[in-house]
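Participant: Input: one structure, supplied below.
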Amino acid sequence: MPRHNTSVCGACLNDYVVEQVKRAIKDHTMFERDDRILVAVSGGKDSLSLWDILMRLGYDTAGLHIQQGIGDYSEESHRKTVAFAQSRGAELIVHSLKEEEGAGVLELADLTDRSPCSACGVMKRYNFNKIAREREFDVLATGHNLDDEASRLLGNVLRWQEDYLAKQSPALPATHEKFVKKVKPLYRLAEREITAYAVVNKIDYVIEECPMSVGSKMLVNKEVLNRLETDAPGTKQAFYFGFLERQKQTNLSLEDEKIQSCTRCGQPTTATICSYCRILEKVKTAP
Ligand code: AMP
Ligand code: ZN
């Protein structure tokens, strides 16, 4: 662990990882002991490790997997998620875009002239929120780690996307009655620390990245940050944790955002008709 200038064995790594997650939960009052937590699980190392850690800590959790319909990659992701849930006797909710929305991510992207990542993002965010609310979970947890958050921050800063900067928090409160609170309990942990956790604990995860993410800005930002990190360990942490400190002291606030109910589906949105309904309209009118 170059950023801590130390090396650890498997047992100490587990202690370290669990401590960092406990600290994240506490520092951002993410959830309480009796809250019901819905963990968004992709089948990758981050979200499966997160689910594993929350169960280890004794929280009341269920998993939610969205089947995106991106060929073999999605099938493998689904298989690994189901196998993990079965091995722990944990509840898993599976939502298939092909079955529920009538088209997978690639078809949705084609029909709407969006990029696959944009269509996928809309479908995931919408379903994460809606399913969490409908099934009365108190909070939705995702597996975003320090590398994810630092590279997202870099992207937002490079273009000075202040509205996104306001929202880039490890815990987003529900700003509308139909929004669920969203949290990222792994934000203090680097990607390679979580990979080590998954390996040490024999978590069988999908190694392959989503084929649609190849060449994405997010991956390029990650590479750039990794170069900086190699040169000066601790850079990513200083960048993101420093941002969180400053965010607390400034007026970057969510209160100005006007959230209303979508006139079609009633779900919260900043527009009259939400992105999800605009995408689905194209599915319904497709030849
Ligand atoms: P990504 O945007 O792919 O880096 O994923 C970030 C987080 O979103 C993951 O750690 C998961 O918590 C969640 N996630 C991504 N893809 C899925 C999926 N297909 N089903 C459920 N959760 C997902
Ligand atoms: Zn809608």
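Heads up, the sequence shown stops at 287 in the numbering used here, and the numbers go up one at a time, no gaps. Quick reminder that beta carbons are idealized off the backbone N, C-alpha and C, glycines included.
So, helix, strand or coil for GLY155, using DSSP?
Facilitator: Three-state result, GLY155: helix.
Participant: Could you check if HIS4 is buried or exposed, using at least 16 other CB atoms within 10 Å of its CB as the buried criterion?
Facilitator: HIS4 is exposed by the Cβ-count criterion.
Participant: Classify LYS80 as buried or exposed, calling it buried when 16 or more other Cβ atoms lie within 10 Å of its own Cβ.
Facilitator: Classification of LYS80: buried, given that the 10 Å Cβ count is 16 or more.
Participant: Could you tell me which residues DSSP pairs with SER216 in its beta bridges?
Facilitator: Looking at the DSSP assignment, SER216 forms no beta bridge with any residue, so it has no partner.
Participant: Within 7 Å: the Cβ of ILE66 and any heavy atom of the ligand AMP?
Facilitator: Yes.
Participant: Taking C-beta to C-beta, are GLY155 and LYS217 nearer than 8 Å?
Facilitator: Yes, they are a contact pair.
Participant: Let's see if you can read the secondary structure: which residues bound the beta strand (DSSP E) around VAL105?
Facilitator: From DSSP, VAL105 is part of no beta strand (DSSP E) but of the alpha helix (DSSP H) over 105 to 112.
Participant: Kindly indicate the opening and closing residues of the alpha helix (DSSP H) around THR285.
Facilitator: Run containing THR285: 275 to 285, per the alpha helix (DSSP H) assignment.
Participant: Using the Cα positions of ALA141 and HIS95, report the straight-line distance between them to the nearest angstrom.
Facilitator: Roughly 17 Å between the two C-alpha positions.
Participant: Please find out if some non-hydrogen atom of the ligand AMP comes closer than 7 Å to the beta-carbon of GLY71.
Facilitator: No, the beta carbon of GLY71 sits no closer than 7 Å to any heavy atom of the ligand AMP.
Participant: Taking 7 Å as the cut-off, is the CB of GLN267 close to at least one heavy atom of the ligand ZN?
Facilitator: Yes - the ligand ZN has a heavy atom lying nearer than 7 Å to the Cβ of GLN267.
Participant: Assuming LEU97 contacts VAL82 under a Cβ cut-off of 8 Å, what Cβ separation, rounded to an integer in Å, is found between them?
Facilitator: Between VAL82 and LEU97 the Cβ distance is about 17 Å, and since that is not below 8 Å, they are no contact.
Participant: Does the separation of the CB atoms of VAL17 and ILE53 fall below 8 Å?
Facilitator: Yes, they are a contact pair.
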